[in-house]
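Contents: one structure, followed by commentary.
In our numbering, the protein residues as written are 297 to 384.
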């Protein structure tokens, strides 16, 4: 069975928090950089309840000095056959 990667939201959120702290940035710093009126989006990313949009992921990678691949944590846990609806 072929497996395709799926984004692990919780691990990606923990990764965003770790990378943010390693960069010496606060949640408020990211809020200001992105121009968000509240920090809720940042907290959702860090708690793994939401992911940044592609545009915001590009900016986040630049701000943190890493690649987008360094931010996202992937799991090989989704069967390709189930996604495509083909019989196993």
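Idealized CB from N, CA, C, for every residue including glycine. Model, not experiment: these values are computed from the prediction.
Asked, Found
"Could you check whether residue 343 and residue 320 sit closer than 8 angstroms to each other, using their CB atoms as the reference points?", "no"
"What does the Cβ neighbour count give for residue 348, buried or exposed, with the cut at 16 atoms within 10 Å?", "buried"
"DSSP beta-bridge partners for residue 302?", "371"
"Near residue 315, what residues of its chain come up, given a Cβ to Cβ distance below 8 angstroms and the 5 sequence neighbours on each side ignored?", "360, 362, 366, 367"
"Would residue 264 be called buried (16 or more neighbouring beta carbons within 10 Å of its own) or exposed?", "Lying outside 297 to 384, the shown extent of the chain, residue 264 is not represented and no answer is given."
"Are residue 338 and residue 323 closer than 8 angstroms when you measure CB to CB?", "yes"
"Counting along the chain, where does the alpha helix (DSSP H) carrying residue 330 start and finish?", "323 to 330"
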